[in-house]
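J.: What follows is a single structure, and I will ask about it in a moment.
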Amino acid sequence: MPPDPGYAGATRTVCAGAAGPGYAGATGTAYAGAAGPGATLRTMDADRKIAVVTGAGSGIGRAVARTLADAGWTVALAGRRAAPLEETAAGAGRSDALCVPTDVTDPRAVAALFAAVRERFGRLDLLFNNAGTFGPRSAPVEELGYEEWRSVVDVNLTGSFLCAQAAFRLMKEQDPRGGRIINNGSVSAHAPRPHSTAYTATKHAVTGLTKSLSLDGRPYRIACGQIDIGNAATDMTERMRTGTLQANGATEVEPVMDVADVARTVLHMAELPLEANVQFATVTATAMPYIGRG
Numbered sequence: 088m089p090p091d092p093g094y095a096g097a098t099r100t101v102c103a104g105a106a107g108p109g110y111a112g113a114t115g116t117a118y119a120g121a122a123g124p125g126a127t128l129r130t131m132d133a134d135r136k137i138a139v140v141t142g143a144g145s146g147i148g149r150a151v152a153r154t155l156a157d158a159g160w161t162v163a164l165a166g167r168r169a170a171p172l173e174e175t176a177a178g179a180g181r182s183d184a185l186c187v188p189t190d191v192t193d194p195r196a197v198a199a200l201f202a203a204v205r206e207r208f209g210r211l212d213l214l215f216n217n218a219g220t221f222g223p224r225s226a227p228v229e230e231l232g233y234e235e236w237r238s239v240v241d242v243n244l245t246g247s248f249l250c251a252q253a254a255f256r257l258m259k260e261q262d263p264r265g266g267r268i269i270n271n272g273s274v275s276a277h278a279p280r281p282h283s284t285a286y287t288a289t290k291h292a293v294t295g296l297t298k299s300l301s302l303d304g305r306p307y308r309i310a311c312g313q314i315d316i317g318n319a320a321t322d323m324t325e326r327m328r329t330g331t332l333q334a335n336g337a338t339e340v341e342p343v344m345d346v347a348d349v350a351r352t353v354l355h356m357a358e359l360p361l362e363a364n365v366q367f368a369t370v371t372a373t374a375m376p377y378i379g380r381g
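If you count by our numbering, then the sequence shown holds residues 88 to 381, one letter each, in order.
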């Protein structure tokens, strides 16, 4: 799932509507001592809140990025294609958003994303680890191809790990130390849908990633939580409008909820002091068949 043609791994642009190359407000990086390995990263604008949102070109990622921006956060937008990121930024109404076309399955691309954030903003306060995929199709386990399996695992699990690892490294070394990682899980982390082996397995694994990050982050003031979402109305759930296969074999149209309600929940989680953490939050359409399905 590569980014746009010509992507070199370190491509980054200030998003549409942002100030030009001479913009000084997005720079605020200073180092205690040398800037080499082991140096402490400092920011000269301690009141500025910096967030990375992956999968920011559409759906939940776009809604969360814009909600964070409306609340005063400076956002770095990551996704496979530049044009949707620029559309997200244009709707965010901020002049300092950063667009970084990124394939989260590529370690070099992820490293370039967080290097761009470090270079431009000097620190990171929040990662919303949101990039994900249902996969190319719904299929019984015996019909699921290896490449189909890998495509879901690579995005949902490996991509989440790579981004969390890079964020963790930056949050650990910056001064003041610490930050927050919010992983986008799913209600499928608790109860599967039929014919969703790869998606369900990866979302269970993301829960394990969240717990491990929470434990390992304690000494460094790095908090990690997870939001498990059910039936937010986005492009990814558009296919559900004609009905969704249920555990009893029936196909039923399920209710959905406004994605803005998800975004407000993420904002609440993000703006808690680091002394407090929402470890797991579940937000669903009220009448969706989640409770009782698994």
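Ideal placement from N, C-alpha and C gives every residue a C-beta, glycine not left out.
The structure displayed is predicted, hence computed values, not measured ones.
1) Apart from the five residues just before and just after residue 148, which ones in its own chain have a Cβ nearer than 6 angstroms to its Cβ?
2) If we require 3 or more residues per run, which beta strand (DSSP E) segments fall completely within the segment 219–267?
3) So within the segment 277–318, which uninterrupted alpha helix (DSSP H) runs reach at least 4 residues, ignoring any that extend past its ends?
4) Assign residue 203 to one of three DSSP states: helix, strand, or coil.
5) Residue 339 by DSSP, collapsed to three states: which one?
6) Would you tell me roughly how many angstroms separate the C-alpha atoms of residue 363 and residue 306, rounded to the nearest one?
7) Looking at the secondary structure, which residues open and close the beta strand (DSSP E) in which residue 372 lies?
8) How would you call residue 340, buried or exposed, if buried means at least 16 neighbouring beta carbons within 10 angstroms?
9) Take the Cβ of residue 374 as the centre, count every other Cβ of all protein chains shown within 10 Å, and call the residue buried at 16 or more, exposed below.
10) Would you tell me roughly how many angstroms separate the C-alpha atoms of residue 229 and residue 282, rounded to the nearest one?
11) What is the rounded straight-line gap between the Cα of residue 256 and the Cα of residue 309?
12) Would you call the segment 202–213 in contact with the segment 178–193, where contact means no fewer than 3 C-beta pairs closer than 8 angstroms?
13) Measure the alpha-carbon distance for residue 284 versus residue 359 and round it to whole angstroms.
14) Spatial neighbours of residue 379 within its chain, please: CB distance less than 8 angstroms, with the 5 preceding and 5 following residues excluded, ordered by chain position.
15) Smallest Cα separation from residue 169: which of 270, 246, 189 and 240?
16) Within 10 Å of its beta-carbon, does residue 377 have 16 or more other beta-carbons around it, so buried, or fewer, so exposed?
17) Do you know offhand how far residue 287's Cα is from residue 244's?
18) Taking all protein chains shown into account, do 16 or more other C-beta atoms lie within 10 angstroms of the C-beta of residue 322, making it buried, or fewer, making it exposed?
19) Helix, strand or coil: which one does DSSP assign to residue 321?
20) Kindly list the residues whose CB is nearer than 6 angstroms to the CB of residue 90, restricted to its own chain and excluding five residues on each side of it in sequence; keep chain order.
21) Nearest by alpha-carbon distance to residue 352: which of 238, 316 and 219 is it?
22) Mind pulling the beta strand (DSSP E) runs of 3 or more residues that sit fully within the segment 134–161?
23) Note down the Cα distance separating residue 178 from residue 336, rounded to an integer number of angstroms.
24) Any idea which residues DSSP pairs residue 188 with across the strands?
25) From the DSSP output, in three-state form, read off residue 172 for me.
26) Nearest-angstrom Cα distance between residue 278 and residue 267?
27) By Cβ distance below 8 angstroms, which residues in the same chain neighbour residue 328 in space, the five residues on each side in sequence not counted?
28) According to the Cβ coordinates, are residue 441 and residue 356 closer than 8 angstroms?
29) Among 155, 160, 153 and 292, which one has its Cα closest to the Cα of residue 239?
30) Can you have a look at residue 196 and say buried or exposed, based on whether 16 or more other CB atoms are within 10 angstroms of its CB?
T.: The relevant details are as follows:
1) Closer than 6 angstroms at the Cβ level, and outside the excluded window around residue 148, lie 140, 142 and 217.
2) With a minimum length of 3 residues, no continuous beta strand (DSSP E) run stays inside the segment 219–267.
3) Qualifying alpha helix (DSSP H) stretches, in chain order: 284–304.
4) In the structure shown, residue 203 sits in a helix (DSSP, three-state: H, G or I).
5) Secondary structure at residue 339: strand, using DSSP grouped into helix, strand and coil.
6) Put simply, the backbone Cα of residue 363 is about 14 angstroms away from that of residue 306.
7) Run containing residue 372: none; DSSP gives neither H nor E here.
8) Residue 340 comes out exposed.
9) Label assigned to residue 374: exposed.
10) Across the structure, residue 229 and residue 282 are spaced so that their CA atoms are roughly 10 angstroms apart.
11) A direct Cα-Cα distance of roughly 10 angstroms separates residue 256 from residue 309.
12) The answer is yes - the segment 178–193 touches the segment 202–213, with three or more Cβ pairs under 8 angstroms.
13) Taking the straight line joining both Cα atoms gives about 34 angstroms.
14) Within the same chain, no Cβ atom closer than 8 angstroms to the Cβ of residue 379 is found once the five residues on either side in sequence are excluded.
15) It is 189 whose Cα lies nearest to the Cα of residue 169.
16) The C-beta of residue 377 has 16 or more other C-beta atoms within 10 Å across all chains shown, which makes the residue buried.
17) Rounded to whole angstroms, residue 287 to residue 244 spans 11 angstroms at the Cα level.
18) Exposed is the call here.
19) In the three-state DSSP reduction, residue 321 falls in the coil class, being neither helix nor strand.
20) Confidence is the limiting factor: at residue 90 the pLDDT is only 44, short of 50, which leaves the residue's position unreliable, though a coordinate-based value still follows. The residues are 167, 188 and 190.
21) Among 238, 316 and 219, the Cα nearest to that of residue 352 belongs to 316.
22) Taking only runs of at least 3 residues, the beta strand (DSSP E) segments lying wholly in the segment 134–161 are 137–141.
23) Approximately 41 angstroms between the Cα atoms of the pair.
24) Paired residues: 166.
25) Three-state DSSP puts residue 172 in a helix.
26) One C-alpha to the other measures close to 26 angstroms.
27) Cβ within range, chain order: 340.
28) Since the displayed the chain opens at 88 and closes at 381, residue 441 lies outside it and no answer follows.
29) Proximity to residue 239 across 155, 160, 153 and 292 peaks at 292, based on C-alpha coordinates.
30) Residue 196 sits buried, since 16 or more C-beta atoms from the chains shown fall within 10 Å of its C-beta.
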